[in-house]
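**Q** Numbering (mature numbering (1 follows the signal peptide of the UniProt record, and there is no 0)), first residue to last: -25 to -1, 1 to 434.
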């Protein structure tokens, strides 16, 4: 990146001018490589933030993050559910390449679903390991969901086996928190995960650049906010009072993290990113209180409401403040190549076959022009003739502005031009047979590259 070249030249100039006694090679590296903190929430819908148009919920700190940086309207996860989305972040692959198409459960159910019991820790190229190779100290705090205990195998790999120097997780193998059976933990999960991140930053800030995956539980169920947390939403429906209180509690602690970075004078050299693993849940209080801002579908769906989520980047002095990018089409599979480029990698390893593309250009205030299609694979589709139902989709592909969704037998097809029809209301499959055929062929070619695509399994 242009900035990296400039910083390197400035550091070399300091050395040439005789300042090498004050600036070490390690300090030069710290100047060149920004800290990267990726806040990845759980089931946080596209319309669940003030900066994305929700006039009821109070999220002042995340809204401030958007004011200080840029928010995107077209970031897509690789699935409408947790584990596959998270697998794509670590691998840069569509999760179907690893036979991960649902949430990891116990070994029996994983086998019935045709899934492994965890993301293979021996996968040659994984994001945290690649960041380590770039000189980063790596950490994972919060939800894991890439192979879990206690229902799973006790030999489940730990996050450190994937390339993390430090980790504290739930829905994974140690070190772990008590988890969802503990009401006090549920009420304070956002505080606890931010506490871990802040402690890590305080201990490691003057060593190497930091890469932190900060994967928060909220607003995934169970939602049990305290009376104090709910107080600000007195007068709202019970569902909104509960759901909004959890969002605001998470926002409060994200604000604490932002404040600590400022106090430590780390903010200018830290990239902060906020997003979510899928759309809002379609059960419990989130069913009525969680918002997609009108996007069709929700969690478990391949329509936009299930996969199109908030995405905010902030890097003071680099990313233009208060910008909105409605053009760049981004995906979870792009995270690995993007973070690697931001961390200093000139080119991805030749042996690594990326499904994603680096969108590091958006950190230089340019748009990102996607060249590769995006694919989705959902093996728990439910056939129906109901035109308003969203659970029938087995596969989907997006190419340019066009998105095609098909059922398991490729008999039902829906084609949308997302630039003109963001809410997927006008099916053009019959009116544009050329594009329907073109995308159908791309989808079929992609499916033929997958290691396993023969068995439909129950949800």
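Backbone N, C-alpha and C define an ideal beta-carbon position, used for all residues, glycine too.
Going by beta-carbon coordinates alone, are residue 138 and residue 79 separated by less than 7 Å?
**A** Counting from 1 along the chain shown, the entry for residue 138 is found at position 163. Counting from 1 along the chain shown, the entry for residue 79 is found at position 104. Result no, Cβ atoms of residue 138 and residue 79 do not sit closer than 7 Å.
**Q** For residue 370, report the span of its alpha helix (DSSP H) as first-last.
**A** The residue given as residue 370 occupies position 395 in the chain shown. No alpha helix (DSSP H) contains residue 370, which is instead part of the beta strand (DSSP E) from 370 to 374.
**Q** What does DSSP give as the partner residues of residue 185 in its beta bridges?
**A** Walking along the chain shown from the start, residue 185 turns up at place 210. 112.
**Q** Under a Cβ-count criterion, where at least 16 other Cβ atoms within 10 Å of its own Cβ denotes burial, should residue 427 be classed as buried or exposed?
**A** Numbered from its first residue, the chain shown carries residue 427 at position 452. Residue 427 is exposed by the Cβ-count criterion.
**Q** Taking residue 213 as part of the alpha helix (DSSP H), name the residues at either end of that continuous run.
**A** Here residue 213 refers to the residue found at position 238 of the chain shown. Run containing residue 213: 213 to 238, per the alpha helix (DSSP H) assignment.
**Q** So what does residue 46 bridge to, in DSSP terms?
**A** Stepping through the chain shown from its first residue, residue 46 is reached at position 71. Partner(s): 287 and 299.
**Q** Pick out whichever of 224, 212, 316 and 140 has its Cα sitting closest to the Cα of residue 116.
**A** Working through the chain shown from its first residue, we reach residue 116 at position 141. Comparing Cα-Cα distances from residue 116 to each of 224, 212, 316 and 140, the minimum goes to 140.
**Q** Of the choices 416, 386 and 92, whose alpha-carbon is the least far from that of residue 83?
**A** On the chain shown, residue 83 is found 108 positions in, with the first residue counted as 1. Closest by alpha carbon: 92.
**Q** Work out the CA separation of residue 181 and residue 275 for me, nearest whole Å.
**A** One-based indexing of the chain shown puts residue 275 at position 300. One-based indexing of the chain shown puts residue 181 at position 206. If I take the Cα positions, the gap works out to 42 Å.
**Q** Note down, in chain order, each residue of its chain lying with its Cβ closer than 6 Å to the Cβ of residue 119, except the 5 sequence neighbours on either side.
**A** Indexing the chain shown from 1 puts residue 119 at position 144. The answer, listed in chain order, is 144, 146 and 147.
**Q** Going by DSSP, what residues sit across from residue 15 in a beta bridge?
**A** Numbered from its first residue, the chain shown carries residue 15 at position 40. Residue 15 pairs with 190 and 250.
**Q** Compare the C-beta of residue 265 against all C-beta atoms of chain D and say whether one is closer than 7 Å.
**A** In the displayed structure, chain D is absent; only one protein chain is listed.
**Q** Look up residue 146 in the DSSP assignment and say whether it is helix, strand or coil.
**A** Against the chain shown, residue 146 aligns to sequence position 171. Residue 146 falls in the coil class under three-state DSSP.
**Q** From which residue to which residue does the alpha helix (DSSP H) around residue 314 run?
**A** Reading the chain shown from its first residue, position 339 is the one you call residue 314. From DSSP, the alpha helix (DSSP H) with residue 314 extends over 310 to 317.
**Q** Tell me whether the beta-carbon of residue 233 lies closer than 7 Å to the beta-carbon of residue 16.
**A** Here the question's residue 233 lines up with position 258 in the chain shown. Here the question's residue 16 lines up with position 41 in the chain shown. No.
**Q** Per DSSP, what kind of secondary structure is residue 306 in: helix, strand or coil?
**A** Translated into the one-based positions of the chain shown, residue 306 becomes position 331. In this structure, residue 306 counts as strand in the three-state DSSP scheme.
**Q** Provide the residue span of the alpha helix (DSSP H) that contains residue 351, from first to last.
**A** In the chain shown, the residue the question calls residue 351 occupies position 376. Looking at the DSSP string, residue 351 is not in any alpha helix (DSSP H); the run it does join, the beta strand (DSSP E), is 349 to 352.
**Q** Quick check: residue 96 and residue 132, are their CB atoms within less than 7 Å of each other?
**A** Within the chain shown, the letter at position 121 stands for residue 96. Within the chain shown, the letter at position 157 stands for residue 132. In this structure, residue 132 lies closer than 7 Å to residue 96 by Cβ.
**Q** On the DSSP bridge assignment, give the partners of residue 388 in chain order.
**A** The residue you call residue 388 lines up with position 413 of the chain shown. Answer is 381.
**Q** Throw me the rounded Cβ distance for the residue 159 and residue 101 pair, which I believe falls under 8 Å.
**A** The residue labelled residue 159 in the question sits at position 184 within the chain shown. The residue labelled residue 101 in the question sits at position 126 within the chain shown. No, residue 159 and residue 101 are not in contact; Cβ-Cβ is about 34 Å, not under 8 Å.
**Q** Along the alpha helix (DSSP H) that carries residue 175, what are the first and last residues, could you check?
**A** Counting from 1 along the chain shown, the entry for residue 175 is found at position 200. Residues 158 to 179.
**Q** With DSSP run on the structure shown, which of helix, strand or coil describes residue 7?
**A** If you number the chain shown from 1, residue 7 lands on position 32. Looking at residue 7 - three-state DSSP - the assignment turns out to be helix.
**Q** Any idea what DSSP makes of residue 75, helix, strand or coil?
**A** Position 100 of the chain shown, counted from the first residue, corresponds to residue 75. Looking at residue 75 - three-state DSSP - the assignment turns out to be coil, as it is neither helix nor strand.
**Q** Can you find the residues in the same chain that come closer than 6 Å, C-beta to C-beta, to residue 210, ignoring five residues on each side of it along the sequence?
**A** Along the chain shown, one-based indexing puts residue 210 at 235. Contacts found: none.
**Q** Between the region 258 to 265 and the region 40 to 48, do at least 3 Cβ pairs fall closer than 8 Å?
**A** In short, these stretches do not touch, since the Cβ pair count stays below three.
**Q** Mind checking who residue 117 pairs with in its DSSP beta bridge?
**A** Taking the chain shown and counting its residues from 1, one reaches residue 117 at position 142. Paired residue(s): 144 and 190.
**Q** Would you report the Cα separation of residue 231 and residue 23, rounded to the nearest angstrom?
**A** Counting from 1 along the chain shown, the entry for residue 231 is found at position 256. Counting from 1 along the chain shown, the entry for residue 23 is found at position 48. So the alpha carbons of these two residues sit roughly 20 Å apart.
**Q** Assuming residue 49 and residue 304 are in contact, meaning their beta carbons sit under 8 Å apart, how far apart are those beta carbons, in whole angstroms?
**A** Reading the chain shown from its first residue, position 74 is the one you call residue 49. Reading the chain shown from its first residue, position 329 is the one you call residue 304. The Cβ separation is near 5 Å, so the contact holds.
**Q** Which class does residue 245 belong to by DSSP, given the choice of helix, strand or coil?
**A** Looking up residue 245 in the chain shown gives position 270. Three-state DSSP puts residue 245 in a strand.
**Q** For residue 151, which residues does DSSP report across the bridge?
**A** Numbered from 1 along the chain shown, position 176 holds the residue referred to as residue 151. 144, per the DSSP bridge assignment.
**Q** When you compare only the Cα positions, how much space is there between residue 206 and residue 165?
**A** To locate residue 206, count along the chain shown from 1; it is residue 231. To locate residue 165, count along the chain shown from 1; it is residue 190. About 18 Å.
**Q** Distance check for residue 21 and residue 51, CA to CA, integer angstroms please.
**A** If you number the chain shown from 1, residue 51 lands on position 76. If you number the chain shown from 1, residue 21 lands on position 46. If you take the alpha carbons of residue 51 and residue 21, they lie about 11 Å apart.
**Q** Using a Cβ-Cβ cutoff of less than 7 Å, which residues in the same chain neighbour residue 5 once the five nearest sequence positions on both sides are dropped?
**A** For the purposes of this step, residue 5 is identified with residue 30 of the chain shown, where counting begins at 1. Caution is warranted here: a pLDDT of 47 is assigned to residue 5, below 50, making its placement in the model unreliable, and the coordinate value is therefore given only provisionally. 184.
**Q** I'd like the span of the alpha helix (DSSP H) that includes residue 24, first residue to last.
**A** Taking the chain shown and counting its residues from 1, the one referred to as residue 24 is at position 49. No alpha helix (DSSP H) contains residue 24, which DSSP labels as neither H nor E.
**Q** Are the CB atoms of residue 18 and residue 225 within a distance shorter than 7 Å?
**A** Taking the chain shown and counting its residues from 1, one reaches residue 225 at position 250. Taking the chain shown and counting its residues from 1, one reaches residue 18 at position 43. No, the Cβ-Cβ distance between residue 225 and residue 18 is not below 7 Å.
**Q** Between residue 376 and residue 70, what straight-line distance do the alpha-carbon atoms span, to the nearest angstrom?
**A** If you number the chain shown from 1, residue 376 lands on position 401. If you number the chain shown from 1, residue 70 lands on position 95. Rounded to the nearest angstrom, the two C-alpha atoms are 23 Å apart.
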